[in-house]
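If you read the sequence shown in this note's numbering, its first letter stands for residue 14, the second for the next number, and so on. We treat Cβ as the ideally placed atom computed from N, Cα and C, and that holds for glycine. Everything below concerns the one structure shown next.
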Amino acid sequence: MAKLKTSKAKTSSIPAVIVFGLDATGKPKAGRFPGKDGSVAKKAARALKLTFCNVNRPKLIEIATRIPVGRLHAQGKAFLPSIPRSLYDELASATTPSIAAAKASPRVSIRSVPKGRPKVFVVLGFDEDRKPRGARFHDPNEDQLIKRAADLKLYVFELRSAELISLAKSLPIGSQATTGALAVPEIKQDVYSEVIVEIADDEDAVPRGETDGPLPRLKGAPNTWDDIQVGHPVVAEVSPGYNWAEAIVIDRKDDQLTLRYRDYPQLPRFYRACREVALLSPKVQ
Numbered sequence: 014m015a016k017l018k019t020s021k022a023k024t025s026s027i028p029a030v031i032v033f034g035l036d037a038t039g040k041p042k043a044g045r046f047p048g049k050d051g052s053v054a055k056k057a058a059r060a061l062k063l064t065f066c067n068v069n070r071p072k073l074i075e076i077a078t079r080i081p082v083g084r085l086h087a088q089g090k091a092f093l094p095s096i097p098r099s100l101y102d103e104l105a106s107a108t109t110p111s112i113a114a115a116k117a118s119p120r121v122s123i124r125s126v127p128k129g130r131p132k133v134f135v136v137l138g139f140d141e142d143r144k145p146r147g148a149r150f151h152d153p154n155e156d157q158l159i160k161r162a163a164d165l166k167l168y169v170f171e172l173r174s175a176e177l178i179s180l181a182k183s184l185p186i187g188s189q190a191t192t193g194a195l196a197v198p199e200i201k202q203d204v205y206s207e208v209i210v211e212i213a214d215d216e217d218a219v220p221r222g223e224t225d226g227p228l229p230r231l232k233g234a235p236n237t238w239d240d241i242q243v244g245h246p247v248v249a250e251v252s253p254g255y256n257w258a259e260a261i262v263i264d265r266k267d268d269q270l271t272l273r274y275r276d277y278p279q280l281p282r283f284y285r286a287c288r289e290v291a292l293l294s295p296k297v298q
C-alpha cells in the first residue's frame with residue numbers, strides 16, 4: 014500500500030538526514046528529516062534496520078528535494094512514505110554501491126503475529142459531533158463487532174502485524190456487551206491520526222465489513238474555496254503537526270466539508286471547514 018501522499022516541502026528546508034529502505038513486501042520507502050530530528054531519525058533507522066545518509070553532497074541535496082517529509086512518532090519509530098522505485102534506485106546509487114546492489118532484495122518480514130495469538134481489531138471514526146472515536150478489541154465476536162460498528166458509522170480494521178498491535182495499545186480497550194452493543198470512547202485527535210497514518214502504511218491492517226465504496230468522480234481542482242464541490246481534490250492536514258494529504262470532497266454543507274483520502278478510500282471519512290484545506294493548482298486533475 015502506498016503512503017499517504019503529502020505536499021512537497023520547499024527546497025529551502027533541506028533535510029539533514031534521509032532514512033530509506035524496503036518494507037516487508039519489497040516496496041521502497043524514504044523520508045527526510047531536518048537537522049534537529051537527525052539523531053532521533055538515525056536511532057529509529059537502526060531500530061528498524063533501515064539505511065540512513067547525511068545530506069551532505071550536491072547530488073543528495075537535489076534528491077532530497079524529491080523525498081517526502083518523514084515523521085517521528087512518540088514511540089521513537091519513523092513514518093516513511095512510499096516513493097517511486099526509480100527515485101529509490103537513484104537514492105541508493107547516490108549513497109553506496111552496496112546499497113544499490115541490494116535494492117531488489119526485499120526485507121524478510123519479522124512482524125507477523127504468531128499463530129494462536131488473540132485476534133486484535135480496532136474500531137475508528139468520528140461520531141455525530143465529529144469527535145474522533147477509537148478502541149481496540151481482543152478476540153471479539155467479529156460479526157457483531159462489524160455490525161455494531163457499522164450502526165455507529167465507525168470503521169473496523171483487523172491488525173495482523175506485531176508492530177501495529179503494539180501501536181494500537183495507545184487506544185483504550187473497547188467493550189462489547191453480550192447484546193453486541195459497543196462502547197467506543199472519544200480519543201485525542203493526535204492519537205487517532207497516528208493510528209490512521211500507520212494503518213494507511215501497513216498492508217497487515219485489513220478493513221472488515223463494508224467501506225464507503227468508490228470515490229466520487231474526480232473533478233478538476235477548484236479555483237477558490239467558494240467553488241469547492243463534491244468530487245473536487247483538496248489538500249488537508251491529517252492532524253495538527255502532521256503532514257498534509259490529498260483528499261476528495263464527498264459532501265459539503267455550508268462551510269463544512271466531508272472528505273476521504275484520495276489514495277486510501279478504505280480509511281474513515283473525516284471533516285474540515287473549507288478554510289482549513291489547501292487548494293491544489295487548477296492544473297492538477
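DSSP three-state assignment for residue i, whether helix, strand or coil
{"i": "glutamate 199", "result": "strand"}
{"i": "glutamine 189", "result": "strand"}
{"i": "isoleucine 80", "result": "coil"}
{"i": "proline 97", "result": "coil"}
{"i": "alanine 181", "result": "helix"}
{"i": "arginine 143", "result": "coil"}
{"i": "valine 243", "result": "coil"}
{"i": "glycine 299", "result": "Summary: the structure shown does not reach residue 299, with the chain confined to residues 14 through 298, and so no result is reported for it."}
{"i": "leucine 292", "result": "strand"}
{"i": "tyrosine 284", "result": "strand"}
{"i": "tyrosine 149", "result": "For the record, residue 149 in the displayed sequence is arginine; it is not tyrosine. Of the three classes helix, strand and coil, the one that applies to arginine 149 here is strand, per DSSP."}
{"i": "alanine 194", "result": "coil"}
{"i": "proline 71", "result": "helix"}
{"i": "tyrosine 277", "result": "coil"}
Range covered by the alpha helix (DSSP H) that runs through residue i
{"i": "glutamine 269", "result": "Unbroken run through glutamine 269 is the beta strand (DSSP E), 269 to 274; no alpha helix (DSSP H)."}
{"i": "glutamate 216", "result": "Here glutamate 216 belongs to no alpha helix (DSSP H), and DSSP marks it neither H nor E."}
{"i": "glutamine 327", "result": "As displayed, the chain neither begins before 14 nor continues past 298, which places residue 327 out of reach and without an answer."}
Pairwise C-alpha distance: residue j and residue i
{"i": "aspartate 36", "j": "glycine 187", "result": "31 Å"}
{"i": "arginine 149", "j": "phenylalanine 134", "result": "6 Å"}
{"i": "glutamate 289", "j": "glutamine 202", "result": "15 Å"}
{"i": "lysine 182", "j": "proline 198", "result": "14 Å"}
{"i": "alanine 77", "j": "leucine 93", "result": "14 Å"}
{"i": "alanine 22", "j": "leucine 73", "result": "With a pLDDT of 37 at alanine 22, under the threshold of 50, the predicted position of this residue should be treated as unreliable, though the coordinate-derived value follows. Cα to Cα, alanine 22 sits roughly 16 Å from leucine 73."}
{"i": "alanine 29", "j": "arginine 161", "result": "47 Å"}
{"i": "lysine 49", "j": "proline 81", "result": "17 Å"}
{"i": "arginine 221", "j": "threonine 64", "result": "34 Å"}
{"i": "serine 206", "j": "arginine 273", "result": "14 Å"}
{"i": "leucine 180", "j": "alanine 218", "result": "12 Å"}
{"i": "valine 208", "j": "asparagine 69", "result": "33 Å"}
{"i": "leucine 167", "j": "glutamate 176", "result": "23 Å"}
{"i": "aspartate 225", "j": "tyrosine 284", "result": "15 Å"}
{"i": "proline 47", "j": "glycine 83", "result": "9 Å"}
{"i": "alanine 43", "j": "alanine 107", "result": "14 Å"}
{"i": "threonine 271", "j": "aspartate 152", "result": "32 Å"}
{"i": "valine 169", "j": "glutamate 141", "result": "17 Å"}
{"i": "alanine 57", "j": "histidine 86", "result": "10 Å"}
{"i": "threonine 237", "j": "tyrosine 277", "result": "25 Å"}
{"i": "valine 136", "j": "arginine 130", "result": "19 Å"}
{"i": "threonine 8", "j": "cysteine 66", "result": "Residue 8 is absent from the structure shown; the chain starts at 14 and stops at 298."}
{"i": "valine 204", "j": "leucine 184", "result": "8 Å"}
{"i": "isoleucine 241", "j": "valine 247", "result": "9 Å"}
{"i": "arginine 146", "j": "proline 71", "result": "46 Å"}
{"i": "glutamine 279", "j": "glutamate 171", "result": "13 Å"}
Element boundaries [beta strand (DSSP E), containing residue i]
{"i": "valine 248", "result": "246 to 250"}
{"i": "aspartate 264", "result": "257 to 266"}
{"i": "glutamate 171", "result": "168 to 172"}
Strand pairing of residue i, partner residues [DSSP]
{"i": "lysine 232", "result": "For lysine 232, which the question treats as bridged, DSSP gives no partner whatsoever."}
{"i": "threonine 64", "result": "Phe33"}
{"i": "proline 41", "result": "Leu35"}
{"i": "arginine 221", "result": "Val169"}
{"i": "glycine 138", "result": "Arg146"}
{"i": "alanine 107", "result": "Note: alanine 107 sits in no beta bridge, so no partner."}
{"i": "valine 133", "result": "His151 and Leu172"}
{"i": "leucine 85", "result": "Ala91"}
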